[in-house]
Amino acid sequence: MKKRRSIVLALLSLVTVLGALTVGAVAVSADDTGSLVEVDEAAAAAGGGRLHAEGDGVALLGGRGVVDVKGNGILWIRDLRGDARIDVSGYGDKEEFEDGWIQYSGFRGHARVSGSRVVVGIAGVDIDLHAGGIGRVMLWGHGTCVISGVDGEETFDWSAGRGEWRRFGSAPTAVPSVL
Numbered sequence: 004m005k006k007r008r009s010i011v012l013a014l015l016s017l018v019t020v021l022g023a024l025t026v027g028a029v030a031v032s033a034d035d036t037g038s039l040v041e042v043d044e045a046a047a048a049a050g051g052g053r054l055h056a057e058g059d060g061v062a063l064l065g066g067r068g069v070v071d072v073k074g075n076g077i078l079w080i081r082d083l084r085g086d087a088r089i090d091v092s093g094y095g096d097k098e099e100f101e102d103g104w105i106q107y108s109g110f111r112g113h114a115r116v117s118g119s120r121v122v123v124g125i126a127g128v129d130i131d132l133h134a135g136g137i138g139r140v141m142l143w144g145h146g147t148c149v150i151s152g153v154d155g156e157e158t159f160d161w162s163a164g165r166g167e168w169r170r171f172g173s174a175p176t177a178v179p180s181v182l
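FYI, the working numbering numbers position 104 of the sequence shown as 107, with every residue one higher than the one before it.
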């Protein structure tokens, strides 16, 4: 019962955050082990960083770069600039909303999203997330995350930062951050 309550609270938080992100977002990037070259290229861009997270719960990223995510649950994607490349494989019911959000209910598979202003969210289990570029991430649940970039490497537990945004990569000062 306690686990179910935690999942419900996590999903409610994600819905709240996703609603707030419709106003604007930052750039993101992620990649899986099969295509780390693309993540490395995104991270090598001026100020780019890398992120690797594994766990169960809610993961939300916003930014510029490449995002690769595998998992089981509900997946949300939004392209705020209109230049994203979105490739999704596996199972799930796709629904596109008028405000630009794409939702995959019952998602079980792999998604790769790259673009200059995208948001990717997943709530579920067995999440394996790779990103490269510049952006912010919020993780809530149980798992580990490693963020690396020009400032070094940071490792943290998902439960340590409930509702806290963490940056990966460092945006040039001329680029305003919405998140």
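We put the beta carbon where it would ideally sit given N, CA and C, even for glycine.
Going by CA-CA distance only, name the one from the options that's closest to residue i.
| i | options | result |
| --- | --- | --- |
| S117 | W143, S151 and D82 | D82 |
| W79 | S173, E99 and S151 | E99 |
| L142 | S151, E156 and G127 | G127 |
| G138 | F110, S119 and I77 | S119 |
| I77 | A163, G85, R169 and D59 | D59 |
| G172 | A163, G166, E156 and S162 | E156 |
| G130 | G74, L64 and I105 | This sequence places Ile at residue 130; Gly is not what is there. If we check each option's Cα against that of I130, G74 comes out closest. |
| D154 | W161, V72 and R170 | R170 |
| V110 | S92, E167 and W161 | Rather than Val, the amino acid found at residue 110 in this sequence is Phe. For F110, the nearest C-alpha among the options comes from S92. |
| S108 | G124, G166 and D160 | G124 |
| V72 | V122, W168, S162 and E101 | V122 |
| Y94 | G112, S162, W168 and E167 | G112 |
| W161 | W168, G144 and E167 | G144 |
So what's residue i in DSSP terms, helix, strand or just coil?
| i | result |
| --- | --- |
| W168 | coil |
| A163 | helix |
| A56 | strand |
| S173 | coil |
| L78 | strand |
| A62 | strand |
| G152 | strand |
| G37 | Low confidence applies here, because G37 scores a pLDDT of 43, under 50, leaving its location unreliable and the question unanswered by this model. |
| G51 | coil |
Measure how close the beta-carbons of residue i and residue j come, nearest whole angstrom, since I'm counting them as under 8 Å.
| i | j | result |
| --- | --- | --- |
| K97 | I105 | 7 Å |
| V140 | A87 | The Cβ separation is near 17 Å, so there is no contact. |
Note to self: Using 8 Å as the cut-off, can you tell me whether the stretch 56-70 makes contact with the stretch 127-135, which would need three or more C-beta pairs spanning the two stretches below that distance?
What the structure shows: yes
Notebook entry, point to check: Using 8 Å as the Cβ pair cut-off and three pairs as the minimum, do the stretch 54-61 and the stretch 143-162 touch?
Noted result: yes
Check: Can you give, in chain order, each stretch of the alpha helix (DSSP H) that sits fully within the stretch 62-150 and has at least 4 residues?
Finding: none
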